[in-house]
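All remarks here apply to the structure that follows.
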Amino acid sequence: MTYRNPAPTVDIIIELIDRPHRPIVLVERQNPPHGWAIPGGFVDYGESVETAAMREAKEETGLSVELIEQFHVYSNPDRDLRKHTISIVFIATATGTPQAGDDAKHLDVFDVGSFPENLCFDHDRILREYRSYRFYRQRPRLDV
Numbered sequence: 024m025t026y027r028n029p030a031p032t033v034d035i036i037i038e039l040i041d042r043p044h045r046p047i048v049l050v051e052r053q054n055p056p057h058g059w060a061i062p063g064g065f066v067d068y069g070e071s072v073e074t075a076a077m078r079e080a081k082e083e084t085g086l087s088v089e090l091i092e093q094f095h096v097y098s099n100p101d102r103d104l105r106k107h108t109i110s111i112v113f114i115a116t117a118t119g120t121p122q123a124g125d126d127a128k129h130l131d132v133f134d135v136g137s138f139p140e141n142l143c144f145d146h147d148r149i150l151r152e153y154r155s156y157r158f159y160r161q162r163p164r165l166d167v
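As structure tokens, then:
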């Protein structure tokens with residue numbers, strides 16, 4: 024029997040705490056699907072999601088992050104058209120100047136009210152819910 028399980032991933036909303044208004048870092052993907060994304064990636068076998076989040080943040084942005092909290096889990100089977108993934112999303116803080124790395128084509132810093140329109144995966148939803156949480160402390164609703 025062959026088992027098909029969702030792949031675990033992490034996404035890290037990185038707030039730059041040494042800048043006014045605590046903007047966040049987004050990466051423009053070099054590989055399909057193209058567009059802007061929250062830094063993140065797949066969890067390696069034998070790796071905790073926390074370690075994966077810190078590793079992916081470093082690989083994609085060059086920043087050493089401090090994980091502040093686990094924000095939410097996103098698991099809609101259609102969130103990634105390549106395959107079914109489950110993303111554990113963290114909110115993290117960092118200081119310094121981010122640099123595009125790993126599979127990032129470009130990197131930029133965005134104020135919470137002005138995200139780019141061409142976001143990949145379900146990152147438009149994640150960032151919309153993050154904005155509601157940051158400004159109004161409204162937690163994301165569960166998809167049941």
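Under my numbering, residue 167 is the last one in the sequence shown; the count climbs by one each step, no gaps.
For glycine and all other residues, C-beta sits at the position ideal for the given N, C-alpha and C.
For L90, the beta-bridge partners assigned by DSSP are A115. For K128, the enclosing beta strand (DSSP E) begins and ends at 127–133.
Counting every other CB atom within 10 Å of its CB across the protein chains shown gives S110 a total of 16 or more, marking it as buried. With contacts defined as CB atoms closer than 8 Å, L142 and G85 fail to qualify as a contacting pair. Beta bridge pairing from DSSP links H95 with V112.
Within the DSSP bridge table, the entry for L39 names A117 as partners.
At a Cβ-Cβ threshold of 8 Å, V33 and G63 count as neighbours.
If you look at E51, you'll find it in the beta strand (DSSP E) that goes 47–52. Under a 10 Å Cβ-count criterion, A127 is classified as buried, with 16 or more other Cβ atoms of the shown protein chains found around its own Cβ.
About 6 Å separates the Cβ atoms of L49 and D131, confirming a contact at the 8 Å cut-off. Restricting attention to R154, D125, A123, F144, the CA atom closest to the CA of S137 is found in R154. Per DSSP, F144 lies in no alpha helix (DSSP H) and is assigned neither H nor E. Nearest in C-alpha terms to F158, of all of M77, P100, G119, H44, is H44. Rounded to the nearest whole angstrom, the CA to CA distance from Q122 to F133 is 14 Å.
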